[in-house]
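Chemist:
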Amino acid sequence: MATFTWVASTGASLTIRPTVRRVAFGDGYEQRLAFGINTQPEVWSLEFRAKTTTEAAVIDAFLRARGAVESFTWTTPAGVVGKFICEEWSRSVDEPNIETVRATFKQVFDL
Numbered sequence: 569m570a571t572f573t574w575v576a577s578t579g580a581s582l583t584i585r586p587t588v589r590r591v592a593f594g595d596g597y598e599q600r601l602a603f604g605i606n607t608q609p610e611v612w613s614l615e616f617r618a619k620t621t622t623e624a625a626v627i628d629a630f631l632r633a634r635g636a637v638e639s640f641t642w643t644t645p646a647g648v649v650g651k652f653i654c655e656e657w658s659r660s661v662d663e664p665n666i667e668t669v670r671a672t673f674k675q676v677f678d679l
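So the sequence shown is numbered by the working numbering: it starts at 569 and just counts up by one.
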C-alpha cells in the first residue's frame, strides 16, 4: 500500500459524521443506532500551500494514480496513522511556479 508523505499546511480541519441508522415513529419519537463497527470515520480538509509546480504535480500524480479507489496510508496532523482515500482535490496557481493543492481525505476501513 502506498504512503502519502507530504505534510499539510497549517489549518487542516477535521470533520466527523457518525454512521447512524434512524427510525422515526409517530409523535416525533425517533430511535438511533450506530451502524457498523467503524462508526466515526474522519474526513480531513487539507491544503498544501507554496509548493513548486513540480511538487504540486507529484502530489497530483499520487492522487490520480489511486483514482479515489485505492486507499493509501497517511498520518493525520494528530499523529494517527490510518487508511484514507481522496475523492476530490484541486490545484491552483498562486504565482509563477508556486501552487496550492487542496484535498479531502476520507478515512476508510478495508483490508
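Yeah, the Cβ is synthetic: ideal placement off N, Cα and C, and Gly gets one too.
(1) According to DSSP, is F630 helix, strand or coil?
(2) Decide if I605 is buried, meaning its Cβ has at least 16 other Cβ atoms within 10 Å, or exposed.
(3) Within 8 Å (strictly less), CB to CB, does P586 reach chain B?
(4) Determine which residues share a DSSP beta bridge with A618 and list them.
(5) According to DSSP, simplified to helix, strand and coil, what is E656?
Modeler: Put simply:
(1) Locating residue 630 in the sequence shown gives position 62, where the first residue counts as 1. F630 falls in the helix class under three-state DSSP.
(2) Locating residue 605 in the sequence shown gives position 37, counting from the first residue. So I605 counts as exposed.
(3) Among the chains in the structure shown there is no chain B, since it carries only a single protein chain.
(4) What you label residue 618 is simply residue 50 of the sequence shown in a count that begins at 1. Answer is none; A618 lacks a bridge partner.
(5) Here residue 656 refers to the residue found at position 88 when the sequence shown is read from its first residue. Strand at E656.
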